[in-house]
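Engineer:
Protein chains in written order, with our numbering: chain Y, 1 to 349; chain Z, 1 to 119.
In C-alpha cells, the structure reads:
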C-alpha cells in the first residue's frame, strides 16, 4: 500500500511539474533601435545568458553596418559616393563588397526597377534621411536632369575591391537592401551560436527560422490602410517576409500622397501600388524584390517576380484590389471581414 | 501512512485539474506593457489603473495613455505622428514605436496571437 502511494505521489509530482511548465515563456525577446527603425529579436528555447550575449553582438553588428553604409553620413558609402561623383576609382573596405555585389545582382535581375544608385534622386525628394521631408515637391527640372543621366548599376564596374563609375550622377543609397542584408547576417550569427529557432524583425520586415516549439511561427501582416491585421502566414523552416508600402514614409501636398518608393523610370513615387508582400528564404532578395515589385505595379509584377526568382507575392494596388499568385494564396490566411477583390495570377515559375 | 496523509493526497488529486486549468487555459490577467526608451532604458508597466505616462526622448516628451487594459501613444513631439496613428495596442505581442523619439511600446502576454508583425 505504501509503495503504491509513493508511486502515486511521484505521478502527482510529475503532473504538477508538467502543469507548471507552460508558465515559463520559452521565447526570449529583445529590442533595440538601429537602421532608423526598431529591431525586434525573438529566440525560442534559448538560455537567457546566451540569448542576451548573442542579441548584444547582433546589436553591435547592426550599429556598425548602419554607420558604415549610410549614404549621407560620414562612412564608407558616403566616401565611395564622393569618389564616384568625381568619376574617380575608389578602393572600398572588403566588408562592404558583398553588399555592393548583391545590389548589382538584384538590380540587374529586376531590370533596374530596384536601383541601388539612385541616391541623388532620393535626396531630391528628401527621403535620404531618417526624418521625413518637409513636404515640398522637388524641382521638376532637377528630376528631368537626373532622368537624362539615368544612373544605373550598369554604370558601375567592380574589380575586386576597386569600384568605378562611368556616370557622375551615380550615388549609392542601399536603403532598399541594407536591412535585408543585415538580417541575413544576423541569422548566420544565430546559427553559428547554435540557435535555430528565431525571428529577426527589422521595422516590420523579418526572417523567421525554425519554429515556435511544436508549432510554426505565426506572422501577422498589417493592413496597409486600416488599423489591425490583413492576413497571416505560418513559417516553419526558413522564410523572409518583406513588405514595401506607401504608408511607411510619405508626405502630402494638396491632398496627394508622395511616398518614399521612387520609380527610377519616372523620377516620381510609384503611384499604382499600395503595398507588396513577398516571401523568399533570403532576406536581401526579399528586400530588393518587394521594392522592385512595388515599382513594377499591378501590370508588371508577375514578370518581374519571375525574373527575380520570387515564388510568393501579394500586391495590393491603388484601388485596393489584391493581386496574388496561387502559391501565395495557399499560404496566406486572410482575416475575417476582409472582402477586397482578389485577382489570382498564373503560377510563378 | 496516516489518515492525514490520505487526506493530503486526496486534496492534491482534486487540486491537480485546477492547476492545469489555471496555468494552461487561464485568461491572461490585466497584462503588462514593455516601454523602451532608447536602447538602454526598459520599463515594465502594468495596464491598471488608467493613467498617463510622460516619457522623455531625444525630441522631447511623448505621452503614453493607459486605459482599460490598453495602451497607446497619446501625443508625441515627432513630426510624422506615425506612433500616435498606430492607435491602441490591445493584444499581446502588438507594438508601436516612435522612431524619431526612440520610444517603443510592446504589449506582453503569455501566448500572443502573432509572434511578429510584418508591415
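Beta carbons: idealized from backbone N, C-alpha and C, even for Gly.
For residue 98/Z, which beta-bridge partners are listed by DSSP?
Structural biologist: As computed with DSSP, residue 98/Z is found in a beta bridge with 103/Z.
Engineer: Compare the C-beta of residue 118/Z with all C-beta atoms of chain Y and state if any pair is closer than 7 Å.
Structural biologist: Yes - at least one Cβ of chain Y is within 7 Å of the one on residue 118/Z.
Engineer: Can you give me, in chain order, the residues of the region 217 to 236 of chain Y that have a beta carbon less than 7 Å from any beta carbon in chain Z?
Structural biologist: 217, 218, 219, 220, 221, 222, 227, 232
Engineer: Residues of chain Y with CB closer than 7 Å to the CB of residue 97/Z, please, in chain order.
Structural biologist: Residues of chain Y passing the Cβ test: 38.
Engineer: Would you report the Cα separation of residue 117/Z and residue 81/Y, rounded to the nearest angstrom?
Structural biologist: 35 Å
Engineer: In the DSSP assignment, find the unbroken alpha helix (DSSP H) run with residue 141/Y in it and report its ends.
Structural biologist: That run of the alpha helix (DSSP H) goes 140 to 149.
Engineer: Would you check if there are 3 or more beta carbon pairs closer than 8 Å linking the region 278 to 297 of chain Y to the region 174 to 181 of chain Y?
Structural biologist: With a cut-off of 8 Å, the region 174 to 181 of chain Y and the region 278 to 297 of chain Y count as touching, because enough Cβ pairs lie within range.
Engineer: Could you say if the region 79 to 93 of chain Y and the region 197 to 209 of chain Y meet the contact criterion of at least three C-beta pairs nearer than 8 Å?
Structural biologist: No, they do not touch.
Engineer: Is the number of C-beta pairs between the region 308 to 315 of chain Y and the region 328 to 344 of chain Y that are closer than 8 Å three or more?
Structural biologist: The region 328 to 344 of chain Y and the region 308 to 315 of chain Y touch, with three or more beta-carbon pairs separated by less than 8 Å.
Engineer: Residue 288/Y lies in the alpha helix (DSSP H); which residues open and close that run?
Structural biologist: 283 to 308
Engineer: Compare the C-beta of residue 62/Z with all C-beta atoms of chain Y and state if any pair is closer than 7 Å.
Structural biologist: In terms of beta-carbon proximity, residue 62/Z stays away from the interface with chain Y, with every pair separated by 7 Å or more.
Engineer: Any C-beta of chain Y sitting closer than 7 Å to the C-beta of residue 73/Z?
Structural biologist: No, because no Cβ of chain Y sits closer than 7 Å to the Cβ of residue 73/Z.
Engineer: Please classify residue 10/Z: is it buried, with 16 or more other beta-carbons within 10 angstroms of its beta-carbon, or exposed?
Structural biologist: Residue 10/Z is exposed by the Cβ-count criterion.
Engineer: Please tell me whether residue 56/Z has its Cβ less than 7 Å away from any Cβ of chain Y.
Structural biologist: no
Engineer: Per DSSP, what are the beta-bridge partners of residue 253/Y in this structure?
Structural biologist: Per DSSP, 256/Y.
Engineer: Who pairs with residue 85/Y in a beta bridge, going by DSSP?
Structural biologist: According to DSSP, which records beta bridges pairwise, residue 85/Y is partnered with nothing at all.
Engineer: Indicate the three-state DSSP secondary structure (helix, strand or coil) for residue 236/Y in the structure shown.
Structural biologist: coil
Engineer: Touching or not, the region 258 to 272 of chain Y and the region 230 to 241 of chain Y, by the rule of three or more beta carbon pairs under 8 Å?
Structural biologist: no
Engineer: Please state the DSSP three-state secondary structure of residue 29/Y.
Structural biologist: strand
Engineer: How long is the line joining the alpha carbons of residue 186/Y and residue 29/Y, rounded to whole angstroms?
Structural biologist: 15 Å
Engineer: For the alpha helix (DSSP H) that residue 188/Y lies in, which residues bound it at each end?
Structural biologist: It spans 178 to 192 - the alpha helix (DSSP H) in which residue 188/Y sits, taken as one unbroken run.
Engineer: Taking the alpha-carbon of residue 303/Y as reference, which of 345/Y, 283/Y, 318/Y has the nearest alpha-carbon?
Structural biologist: 345/Y
Engineer: Between residue 272/Y and chain Z, is there a C-beta pair that is closer than 7 Å?
Structural biologist: No, residue 272/Y lies away from the interface with chain Z (no Cβ there is under 7 Å from its Cβ).
Engineer: Note down the Cα distance separating residue 78/Z from residue 348/Y, rounded to an integer number of angstroms.
Structural biologist: 42 Å
Engineer: What did DSSP end up calling residue 227/Y once you bin it into helix, strand or coil?
Structural biologist: coil
Engineer: Can you tell me where the alpha helix (DSSP H) holding residue 125/Y begins and where it ends?
Structural biologist: 119 to 125
Engineer: Would you please verify whether the beta carbon of residue 124/Z is less than 7 Å from any beta carbon of chain Y?
Structural biologist: Chain Z is shown only over 1 to 119; residue 124/Z falls outside these bounds and no answer can be derived.
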